[in-house]
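Sequential numbering from 35 applies to the sequence shown in our numbering.
Beta carbons: idealized from backbone N, C-alpha and C, even for Gly.
All values derive from a computational prediction rather than experimental measurement.
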Amino acid sequence: MEEKSKKDHRVLLNQGEENELEVFGYQTQNLRRAFCLVVSVLTCGVLLLVFYWRPQWSVWASCVPCPLEEADTILLRTTDEFQRYIRKKVMCLHLSALKFPISKNPEQPLVADSHSVINQAVLKPELKLRCIQVQKIRYVWDNVEKSFQKVGLLADSYSCYDIHHMFGLGLTNEEQEVRRLVCGPNAIEVEIQPVWKLLIKQVLNPFYVFQAFTLTLWLSQGYIPYSVAIIIMSVLSIVLSVYDLRQQSVKLHNLVEAHNKVQVKIIVKDKGESIPVTKTPLPRVGDSMPWKSHGEEDYRKHVLFCGTEVIQVKPPGQGPVRAVVLQTGYNTAKGDLVRSILYPRPLNFKLYSDAFKFIVFLACLGLVGFFYALGVYVYHGVSPGETAAMALLLLTVTVPPVLPAALTTGIMYAQKRLAKKKIFCISPQRINMCGQINLVCFDKTGTLTEDGLDLWGTVPTADNCFQAVHSFTSGKALAWSPLCAAMASCHSLILLDGAIQGDPLDLKMFEGTAWIMEDHNVDYCDFRTSDSNIIIKPGPKASWSPVEAITVLRQFPFSSSLQRMSVVAQLAGEGHFHVYMKGAPEMLAKFCRSETVPKNFPQELRNYTVQGFRVIALAHKALSMGKLSEVESLSREKVESELTFLGLLIMENRLKKQTRPVLKELNEARIRTVMVTGDNLQTAITVAKNSEMIPPGSQVILVEANEPEESVPASVTWQLVENQDSGPGINETYINIGNSSVPAGEKGSCYHFAMSGRSYQALFQHFNSLLPKILVNGTIFARMSPGQKSSLVEEFQKLNYYVGMCGDGANDCGALKMAHAGISLSEQEASVASPFTSKTANIECVPQLIKEGRAALVSSFGVFKYLTMYGMIQFIGTALLYWQLQLFGNYQYIMQDIAITLMVCLTMSSTHAYPKLAPYRPAGQLLSPPLLLSVLLNTCFTCIVQICVFLYVKQQPWYCEVYRYSECFLDNLSNFSTNMSLGRNWTGNATLIPGSILSFESTSLWPITTINCITVAFIFSKGKPFRKPIYTNYIFSLLLISALGITVFIFFSDFQDIYQGMELIPTITSWRVSILVATLIQFCVAFFVEDALLQNRELWLLIKKTFGFYSKSQYRNWQKKLAEDSTWPPTNRTDYSGDGKNGFYVNRGYESPEQIPKGKLGWGGQTTEQHFWTRL
35 MEEKSKKDHR VLLNQGEENE LEVFGYQTQN LRRAFCLVVS VLTCGVLLLV FYWRPQWSVW
95 ASCVPCPLEE ADTILLRTTD EFQRYIRKKV MCLHLSALKF PISKNPEQPL VADSHSVINQ
155 AVLKPELKLR CIQVQKIRYV WDNVEKSFQK VGLLADSYSC YDIHHMFGLG LTNEEQEVRR
215 LVCGPNAIEV EIQPVWKLLI KQVLNPFYVF QAFTLTLWLS QGYIPYSVAI IIMSVLSIVL
275 SVYDLRQQSV KLHNLVEAHN KVQVKIIVKD KGESIPVTKT PLPRVGDSMP WKSHGEEDYR
335 KHVLFCGTEV IQVKPPGQGP VRAVVLQTGY NTAKGDLVRS ILYPRPLNFK LYSDAFKFIV
395 FLACLGLVGF FYALGVYVYH GVSPGETAAM ALLLLTVTVP PVLPAALTTG IMYAQKRLAK
455 KKIFCISPQR INMCGQINLV CFDKTGTLTE DGLDLWGTVP TADNCFQAVH SFTSGKALAW
515 SPLCAAMASC HSLILLDGAI QGDPLDLKMF EGTAWIMEDH NVDYCDFRTS DSNIIIKPGP
575 KASWSPVEAI TVLRQFPFSS SLQRMSVVAQ LAGEGHFHVY MKGAPEMLAK FCRSETVPKN
635 FPQELRNYTV QGFRVIALAH KALSMGKLSE VESLSREKVE SELTFLGLLI MENRLKKQTR
695 PVLKELNEAR IRTVMVTGDN LQTAITVAKN SEMIPPGSQV ILVEANEPEE SVPASVTWQL
755 VENQDSGPGI NETYINIGNS SVPAGEKGSC YHFAMSGRSY QALFQHFNSL LPKILVNGTI
815 FARMSPGQKS SLVEEFQKLN YYVGMCGDGA NDCGALKMAH AGISLSEQEA SVASPFTSKT
875 ANIECVPQLI KEGRAALVSS FGVFKYLTMY GMIQFIGTAL LYWQLQLFGN YQYIMQDIAI
935 TLMVCLTMSS THAYPKLAPY RPAGQLLSPP LLLSVLLNTC FTCIVQICVF LYVKQQPWYC
995 EVYRYSECFL DNLSNFSTNM SLGRNWTGNA TLIPGSILSF ESTSLWPITT INCITVAFIF
1055 SKGKPFRKPI YTNYIFSLLL ISALGITVFI FFSDFQDIYQ GMELIPTITS WRVSILVATL
1115 IQFCVAFFVE DALLQNRELW LLIKKTFGFY SKSQYRNWQK KLAEDSTWPP TNRTDYSGDG
1175 KNGFYVNRGY ESPEQIPKGK LGWGGQTTEQ HFWTRL
């Protein structure tokens, strides 16, 4: 019974999806709620603030667990590593509010679809249903399944027959109203966040709350100048953050609103597609197969996407064209994209999580100081009020309130420098992550290569042989032939407002014929066509043609799964029809009569593909039928058979001139580069070699994985691709099927795996344990779908790679979002999903972004170390003075806090990035031995020097306990200064300075702590190899020199006004020199330790090697294992799933070939896009 209760209390939402959530049911208890309210009032709202930061505590405090069926409050928890909680109230929708009567009979369904969750969610006779709204998606309580189900989408399990039968005639008005109420409005509306709401979110940040407490305490103690400065900086930081968030909100709102407008003109230009495409009706078939799986054709050909612009409609028969709504609102593909921007996927960058831990440690240290101060002041009998104030003051010293503003400033400088290079950022916190990138995935077309294709030539056939190449660069027009007719007619181009629109490849092919396109004209009365057909005829520059015009009567559109398209056309003056077909050469050859395909077809095809050309084959046949009605009833299978092979169309896709040098720069910096493309595998291999992504002399191993068949298990075949010179300028690649293998001496990192999306999918499903072995040396991933691209990026992240993704198309959106740093080269759909957008459409932005990321990361570490040391320096000095119930004077603090620390924080991060990428990355963790030792050793040096001076000053013959014996001090004051007038004037003014400040100890400690603040700023401002030298940061260098000069001047000057204003006591010159020498020695020791030891990379590598410390990164471990494996890489063999000796297994978590599940991260972290101080 108890187990059943627990099961009823918890269910999984969106199981197996990226946004999987655990749902817990709770019922509000009024007594508990009232108690929480009383405590909130008594604590002046502190409890409410805690509940705001931790919503689960609010639920646990005011509610009791209960079955979900009875819950009025829902607590949701993410199933990722962060375990974030969301609180939601259960809403009730009453169908009785509708304007028409609804049957209360439980047997009578509310909507026509009897299996719809709506029928199962509505309680009768109450006519109500329970629902929650999570991240813009509505879930209703299913009374049959006893779980929350998503509404607003059509189930994929419906067959074509079900859809035609249930929804073909449309919905009744009553059903429309019911669905509208239950599913919510069919709209993607992004609210512009009000300024007050953004402001409250920023102000209630835990760090700002602590900062407010600190500043209130300081102001109460009269420390006004620095407090005001921090308040101004914090206000500016908050205002800038609110402004930035508001601008992003407005930009997204405007973008979504603009794309929501549907313009119907009279083919379809689909927002799910980048060009006008033809959509076909869902077939009327009687089988029970799910509609997406029906036939071979890509189901997207039947789907109109959100934001579709309908350009032309051709009804298949009588009556209007009808469409069935698959998904509404935020359930659509576009809605999912907008939701991913509104609720970004958490990423776990070590800097922020480590910084949070470090701050907690500093706060604990401050707590130790609090109890130390409490003990000292209570022991001396000081009043409770003053004791509490002084103890709290020491508590706040260790955590500098300027920290968030300082780190934000560093990122702001980097963002500004990127903007000058035309790289724009909508997620500034990702800049630091760019400094850790060690693998970059590139799309091919439009990224590594030029965006468009250029015509190179045609290779016609005659008598079963290839003929001479016709070169388009020769300037001669393409001669009339069936090949020319195929190029002129076999495409999906349309004429819109006098301009030809369509696929760029089709457009290039059509332009190569020099024919033109016109609207239907009565002059062509020989054509038996409707007015909607387009007429194609020779243009002024076309070669002579015996055909006056061609019209396309029927089109079988291109599909990526079919890899071909075909048309039925009629030539003017002829009474019969022709079929023209184009497509992938290997695919098209299967539909041609074997005697028409040249025997050397494979060799000729390979000859062009290995040079990186895009090759398209064309075919033709004449139809014997003469009636148009017969053409309209033809099946695709009948049309696409027994064709005559016409020849090849060769198109070239040139490398961008920046591609090779950028890839070389990344390779020299030991940053892996990977190609992830939707293009042909052979073309991708050639482009990789030409761009030197695969260095000369490296081996390429083709990995081909196959799904299991009836009696054969899933298999993976390894084939070695070899190079062979076949003439000048041609680097021919072919697949070796012999017995050769990778040479024994070249088993290191000289081999690269290449595979297609189909093979990747099969590996993911059936050889999951093999996948990481392949990924550590996988370089080419071709024919990858958008979902596979995202999955690949995630798999790389599981291996602990920091992944960058650079692409330019809508099919890259998922991968751009998934990567640690997505860089879009387009300002279209991809830029919405990508944290970075480059206005310069080449990959030069990638090394620039990595350089700035490294500089920003090093700056963040430097600022963090500096502020930690600044807090420790002041903490030690203040703690020593507390021993005798003293502290530094206000102006002494101001000199350190405003003139030095504040200015350092504002200028330290402005040092520019080093122009050359180093062959290693900066440290990515705060809690690393070099950094911890740096802070620890510098703290020790500071502690030793300050304690020595504090004790040694008491041993001086002229020393006097000023705070106890002020008369003795004034009598002997003239002995302490070479300036007698200064000594005399102090006699009358000493009483103006409080006894809790004036002392030889504070006078001796102040210059040490101040100069120490300056020297650690210099020591932690490391230049090469990630930033330019410190002297190039002119403002920062001038600031340090000026601060040092002013400090020394104040300390050595004998001016009464300066000493009195700074609350210092004149001392003998030799003591002042001793203090200066002590600070110089401390600086030299600290600089040597930091630069020669802690920042010595070779020394740390030697230590790691000596003591056997190795990287914990998964990819490093795999590289080490594979380097020691004499059987790896395999070549020219086939392995099967279930083969125990290879340790392969079937991945049971795999569900569908259409969607690769987003498994939980087992190997590496992902990140939260937020400041670390919001993680409290």
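Asked	Found
Which residues mark the beginning and the end of the beta strand (DSSP E) in which Glu686 is found?	Thr678 to Glu686
Quick one: which unbroken alpha helix (DSSP H) runs of 4-plus residues sit fully inside the stretch 604–668? Chain order, please.	619–623, 635–643 and 662–666
Which residue marks the beginning of the beta strand (DSSP E) containing Pro1063, and which one marks its end?	Looking at the DSSP string, Pro1063 is not in any beta strand (DSSP E), and its letter there is neither H nor E.
Going straight from the alpha carbon of Val1217 to that of Ile234, what length do you get?	With the chain covering 35 to 1210 only, the question about residue 1217 has no answer from this structure.
Give me the Cα-Cα distance between Gly469 and Ser962, rounded to the nearest whole angstrom.	16 angstroms
Quick one: measure Cβ to Cβ for Thr720 and Thr643, integer angstroms, because I've assumed they're closer than 8 angstroms.	7 angstroms
Closest to Ser732 by CA distance: which of Asn740, Glu738, Lys723 and Phe1083 is it?	Lys723
Could you tell me whether the Cβ atoms of Gly444 and Ala890 are closer together than 9 angstroms?	yes
State the Cα-Cα distance for the pair Arg118 and Arg88, rounded to the nearest angstrom.	9 angstroms
Mapping the DSSP letters down to three states, classify Ser480 as helix, strand or coil.	It is Gly, not Ser, that sits at residue 480 in the sequence shown. It is coil, neither helix nor strand.
Considering only residues of the stretch 780–812, which uninterrupted alpha helix (DSSP H) runs meet the minimum length of 4 residues and lie entirely inside it, listed in chain order?	791–800 and 805–809
Provide the residue(s) that pair with Cys499 in DSSP beta bridges, ordered along the chain.	Ala496
Given Ala623, which residues of its chain have a CB within under 6 angstroms of its CB, disregarding the five upstream and five downstream residues?	Val631
Using the Cα positions of Lys691 and Leu809, report the straight-line distance between them to the nearest angstrom.	28 angstroms
Nearest-angstrom Cα distance between Ile300 and Gln361?	Legend: pLDDT at Ile300 = 36, less than 50; position of this residue unreliable, no value from coordinates given.
Just verifying my parser: in three-state terms, what is the DSSP assignment at Leu527?	coil
Hey, out of Met789, Glu115, Gly369 and Leu338, whose CA is closest to Val359's CA?	Leu338
Leu940: buried (16+ other C-beta within 10 angstroms of its C-beta) or exposed?	buried
So is Ile272 buried or exposed if we call it buried at 16+ other beta carbons inside 10 Å?	buried
If the criterion is Cβ atoms closer than 9 angstroms, does the pair Glu738 and Val750 meet it?	yes
In whole angstroms, give me the CA-to-CA distance for Ile471 and Cys784.	22 angstroms
Given this structure, state the Cα-to-Cα distance separating Gly409 from Gly896, to the nearest angstrom.	35 angstroms
Output the distance between the C-alpha atoms of Gly1057 and Phe1070, rounded to the nearest integer angstrom.	13 angstroms
Is DSSP giving Tyr836 helix, strand or coil here?	coil
Could you tell me whether the Cβ atoms of Leu1283 and Phe898 are closer together than 9 angstroms?	Here the chain has residues from 35 to 1210 only, and residue 1283 is not among them.
For the stretch 1103–1169, list the alpha helix (DSSP H) runs that are entirely contained and at least 4 residues long, ordered along the chain.	1103–1122, 1131–1141 and 1148–1157
Between the beta-carbon of Thr1113 and the beta-carbon of Pro1063, is there less than 9 angstroms?	no
Would DSSP call Phe390 helix, strand or coil?	helix
Does DSSP put Cys97 in a helix, a strand or coil?	strand
May I ask you to list the residues that DSSP assigns as paired with Val168?	Ile171
Hey, how far is the Cα of Gln90 from the Cα of Thr421?	37 angstroms
Quick one: residues in its chain with C-beta nearer than 6 angstroms to the C-beta of Thr248, no 5 flanking neighbours on either side, listed in chain order?	Thr430 and Pro435
In the structure shown, what three-state DSSP assignment does Glu343 receive?	strand
Within the 9 angstroms Cβ cut-off, does Arg373 reach chain B?	Of the chains in the structure shown, none is chain B; there is only one protein chain.
If you run the structure through DSSP and keep just helix, strand and coil, what is Phe895?	helix
Taking the continuous alpha helix (DSSP H) assigned at Ile152, which residues delimit it?	Val151 to Ala155
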